[in-house]
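Heads up, the sequence shown is in the working numbering, so the first residue is 1 and it goes up one at a time. We put the beta carbon where it would ideally sit given N, CA and C, even for glycine. Given the structure is predicted, the values throughout are model-derived calculations rather than measurements.
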Amino acid sequence: MTAPFMGFLAQHLVCVVVAALPSLPLAVMYVGATLNGISGGYPLFKSAVSSYVVRTASPEERTFRLSMVEGTVFLGGAVGPFTLKQVVTSTTTGHDYLFLGSEMSLAVALLYIVFILPDSHSTSQENAELPPEHSGTALCTQVKTVLQNFSGSVSTVLRHRPAGKRTSVLLLILADFFIAIAYSAESDLRYIYMHNYLGFTLGQYSLYLVIKNLVNGISLLGVLPVLRLVFDISDASLGILGGTSRVVAFTMLALNTSHTLTYIVPFLDVFGQYLFVVLRSSLCGLVKREEQGRVLTVLSSLAQMSMLVGSLLFDNVYPALVLLAHPGYTFLVAATTMATATTIFICIRCCRAKEGTCEETQPILR
Numbered sequence: 001m002t003a004p005f006m007g008f009l010a011q012h013l014v015c016v017v018v019a020a021l022p023s024l025p026l027a028v029m030y031v032g033a034t035l036n037g038i039s040g041g042y043p044l045f046k047s048a049v050s051s052y053v054v055r056t057a058s059p060e061e062r063t064f065r066l067s068m069v070e071g072t073v074f075l076g077g078a079v080g081p082f083t084l085k086q087v088v089t090s091t092t093t094g095h096d097y098l099f100l101g102s103e104m105s106l107a108v109a110l111l112y113i114v115f116i117l118p119d120s121h122s123t124s125q126e127n128a129e130l131p132p133e134h135s136g137t138a139l140c141t142q143v144k145t146v147l148q149n150f151s152g153s154v155s156t157v158l159r160h161r162p163a164g165k166r167t168s169v170l171l172l173i174l175a176d177f178f179i180a181i182a183y184s185a186e187s188d189l190r191y192i193y194m195h196n197y198l199g200f201t202l203g204q205y206s207l208y209l210v211i212k213n214l215v216n217g218i219s220l221l222g223v224l225p226v227l228r229l230v231f232d233i234s235d236a237s238l239g240i241l242g243g244t245s246r247v248v249a250f251t252m253l254a255l256n257t258s259h260t261l262t263y264i265v266p267f268l269d270v271f272g273q274y275l276f277v278v279l280r281s282s283l284c285g286l287v288k289r290e291e292q293g294r295v296l297t298v299l300s301s302l303a304q305m306s307m308l309v310g311s312l313l314f315d316n317v318y319p320a321l322v323l324l325a326h327p328g329y330t331f332l333v334a335a336t337t338m339a340t341a342t343t344i345f346i347c348i349r350c351c352r353a354k355e356g357t358c359e360e361t362q363p364i365l366r
């Protein structure tokens with residue numbers, strides 16, 4: 001869990017240096033991005049957190065715990081854009097202090113993981129008991145271990161499971177692939193589109209992110225538990241609800257031409273973040289407890305690949321649609337990928353309804 005933070009710290013340190021020394025070329029930013037990518041980045045961190053949460057929670061509490069984690073992330077995520085808005089509106093300098101504050105926040109989180117989380121102490125003791133190895137031998141051993149672990153994780157995903165569970169596992173991973181592709185449209189193009197075609201300044205866009213993160217955080221912490229406890233809605237149904245919410249939000253963003261109406265988009269996407277929670281909860285519920293970490297490893301790896309695919313896709317589609325005078329239609333492509341993921345959730349719900357009446361007889365791996 002600590003590895004992604006090394007990349008985070010390096011990337012933010014590069015941002016601090018570039019902000020403090022404007023004469024430096026922006027190409028220096030690629031150094032931080034590379035280090036962050038090598039460490040696994042945010043997707044790997046979220047996968048590690050999910051693995052820790054599902055390992056310490058009972059099956060009945062799994063979805064609630066994951067929703068609490070994700071909701072807290074979004075509430076905390078509202079602080080960053082709010083601070084940015086204050087910096088942008090009150091001063092033309094101070095951006096280096098903003099990045100430095102982010103660096104300090106990450107350092108505090110890293111210290112918490114290392115010294116407070118229960119597993120950290122046992123892991124440190126185990127590592128202390130390991131005999132020292134020659135650096136070259138140790139590196140080869142580590143690479144071999146990583147390859148073996150990943151191969152074992154893939155084998156775990158493809159393992160034969162009765163009653164159609166393997167099919168559901170594969171479908172959930174495929175759904176996450178499309179979800180991550182749509183995420184690339186938001187992270188890569190949303191600000192460019194809203195700034196160039198909807199007239200958003202950086203301060204207004206920061207306010208938009210504050211509203212979006214607050215809505216998502218409150219929905220995850222308050223609305224999702226109510227839907228589960230009061231209406232007894234299944235994870236698959238929550239996934240369908242979340243996917244539909246995202247499709248509507250992307251469609252609104254694509255077709256809307258009003259600056260003011262854009263602020264409605266976060267409220268249309270109120271259920272959209274349920275996808276991350278219920279997908280991982282459902283996936284862990286389909287495999288054995290000791291297999292959950294390996295399955296989430298494969299999920300995280302494919303999420304990284306799909307985000308790369310999404311970036312390449314949207315970064316080429318957007319300029320083409322700009323030439324056609326319809327740049328917003330890029331988000332219709334994102335809505336289509338989310339509709340595909342939602343369709344997969346519908347298929348899973350139908351398959352789970354028939355669970356116990358079907359049986360897989362031919363395993364993918366023997």
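Do you know offhand how far I348's Cα is from P162's? 15 Å
Just to confirm before moving on: does the CB-CB distance between G328 and A254 stay below 7 Å? yes
Per-residue DSSP class, three states only, for H121: Annotation note: pLDDT 44 at H121 (below 50); position unreliable, coordinate value reported separately. Correct three-state label for H121: helix.
Kindly indicate which residue of V287, L323 and V278 has the alpha-carbon position closest to the one of A175. V278
Close beta carbons around A335, own chain, < 6 Å, minus the five adjacent residues each side: V247, F250 and T251
Alpha carbon to alpha carbon, how far is A33 from L24? Give it in angstroms, no decimals. 16 Å
Under the three-state reduction of DSSP, which class applies to D368: helix, strand or coil? With the chain represented from 1 up to 366, any question about residue 368 goes unanswered, as that position is not in the structure.
Under a Cβ-count criterion, where at least 16 other Cβ atoms within 10 Å of its own Cβ denotes burial, should G152 be classed as buried or exposed? exposed
Coil, strand or helix - H326 by DSSP: coil
If I'm right that S219 touches V270 with Cβ under 8 Å, what's the distance once you round it to whole angstroms? 5 Å
Ordered along the chain, which non-local residues of its own chain (more than five positions away) have a Cβ less than 8 Å from that of T244? F271 and T342
N-terminal and C-terminal residue of the alpha helix (DSSP H) that S39 is part of: M29 to S39
Using 8 Å as the threshold, is the segment 189-205 in touch with the segment 57-70, meaning 3 or more CB pairs across them? no
From what residue to what residue does the alpha helix (DSSP H) around L189 run? K165 to Y197
When DSSP labels each residue in this structure, what does A128 get in the three-state scheme? A caution first: A128 carries a pLDDT of 42, below 50, which makes its placement in the model too unreliable to give a value.
Per DSSP, what kind of secondary structure is F200 in: helix, strand or coil? coil
Reducing DSSP to helix, strand and coil, say where L308 ends up. helix
Could you pull the start and end residues of the alpha helix (DSSP H) that S282 belongs to? Y274 to G285
Find the nearest neighbour of H195 within the set L75, A10, F115 and S258, judged by alpha-carbon distance. S258
So L220 is in the alpha helix (DSSP H); what residue range does that whole segment cover? Here L220 belongs to no alpha helix (DSSP H), and DSSP marks it neither H nor E.
CB-CB under 8 Å to V79, same chain, minus the five flanking residues each way: which ones, in chain order? none
Classify A57 as helix, strand or coil using the three-state DSSP reduction. coil
Please return the same chain residues whose Cβ sits closer than 6 Å to the Cβ of V54, not counting the five positions on each side in sequence. R62, C284 and Q292
Just the Cα atoms here: how many angstroms apart are G164 and A27? 49 Å
Check for me: the alpha helix (DSSP H) holding I233 runs from which residue to which? It is not in any alpha helix (DSSP H) - I233 carries neither H nor E in the DSSP assignment.
Just how far apart, CA to CA, sit Q86 and V226? 34 Å
Quick check: the segment 299-308 against the segment 227-237, are at least 3 beta-carbon pairs closer than 8 Å? no
Reduced DSSP category for T244 - H, G, I as helix; E, B as strand; rest coil: helix
So, are the CB atoms of F178 and T337 less than 7 Å apart? yes
Going straight from the alpha carbon of L209 to that of F115, what length do you get? 32 Å
Cα-Cα separation between L21 and L9, rounded to whole angstroms: 18 Å
Helix, strand or coil, according to DSSP, for T377 in the structure here? The structure shown does not extend to residue 377, since the chain spans only 1 to 366, so no value can be given for it.
Rounded C-beta distance between Y274 and G239? I'm assuming under 8 Å. 7 Å
In three-state DSSP terms, what is N213? helix
Anyone know if the C-beta pair for N213 and F314 falls short of 7 Å? no
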